[in-house]
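First up is the structure itself, then whatever we jot down about it.
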Amino acid sequence: MTATPDIPIAALLLELGFCSEAAQRIGRAALEAAKLTNPRKKNLTASKREAAEAAIASGVARCCGTSDCLPALIADTRPLAIVDRNACEICEGGRTAPAIRELGRALVRAGKQRLLLLGGVPGAHDELRRGLTGSGVELSVVDGTTTRPPAQARAWADAADLIVVWASTPLEHRVSLQFTRPEYRDKTMTVSRRGAGALAREVARAVRG
Ligand SMILES: [Zn+2]
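Going by my numbering, the letters in the sequence shown line up with residues 29 to 237, in that order.
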C-alpha cells in the first residue's frame, strides 16, 4: 500500500487561485477555522483535499477584483480574497457567459421558457439577461429585498414555468414566501451557489433531469 503524499498547503491554495500573499493568508485562515490544519503545519493530508476545497468555498468570498465582480461580493459575510480570475466566484474567468447560453438552450428544450428568479444582485441579473437575450427565455427577476403587491406576486408565480430561489443572495424570507407557496412546489427549485454561471449550470442540470 502506498500512502498518498501530503499536499503543501501553499500549493493547494495557489491551485485554487490564491496567488498573492494576502489571499494565501485568508485561504489558510479558512482551513484553520475548519480545523483542517493549524498554524504550525505546512502540509495537508491528501485525503483532506476535498474537505479543504469545501472549506475554502464556504469560508472565503473569492473575487477577481474587477469592478464587474466586486460589488456582488462586497456585502458577503465571508472574508474577501482577491484571487486569480479563473477562481472568481462571479465571472469564473469568462466561463459564465457560455454557461448562461447553455441554460437558455436547456430551458427552451424543456419547454420552460418563463423563468422567475428570486433574489440575486443586479450584476448577476444583467449577466443573465445578456446571456439569455435571443434564447427565447423570458427572465423575470424579483428583487429579494422588496415585497410585491400580493396580486402581482401571484400573477408572476402563476405565469412562471420555473421559479428559482437564489439562496445565499439578498433574499428576504417575506419576499420568497410570496412566491414559494405549496401550489408552486413542483416548479420551484433552490440554488445556493453564488455567481450567475454556477446558477446557470445548476438550473440547466435540473431541467435536463
Ligand atoms: Zn470576476
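Using N, Cα and C, we set each Cβ at its ideal position, and we do this for glycine too. No experiment lies behind these values; they were computed from the predicted model shown.
- No heavy atom of ligand 1 is found nearer than 7 Å to the CB of C47.
- Shown here for A62: same chain residues with a beta carbon closer than 6 Å to its own, the five before and five after excluded, namely A83 in chain order.
- Residue pairing of I191 in beta bridges, as defined by DSSP: L144, T216.
- If you check the CB distance, G45 and P99 do not come in under 8 Å.
- A residue is called buried once 16 or more other Cβ atoms fall within 10 Å of its Cβ, and G55 is buried on that count.
- Between C47 and A195, the alpha-carbon positions lie close to 29 Å from each other.
- Here the alpha carbon of A226 sits roughly 33 Å from the alpha carbon of K69.
- In its chain, beyond the 5 residues on either side, A127 have a beta carbon closer than 6 Å to the beta carbon of R229.
- The three-state reading of DSSP puts S48 in coil, since its state is none of H, G, I, E or B.
- Within the same chain, Cβ atoms closer than 7 Å to the Cβ of V165 are found at G132, L135, V136, Q141, L143, the five residues on either side in sequence being excluded.
- Pairing I35 with A74 gives a Cβ-Cβ distance under 8 Å.
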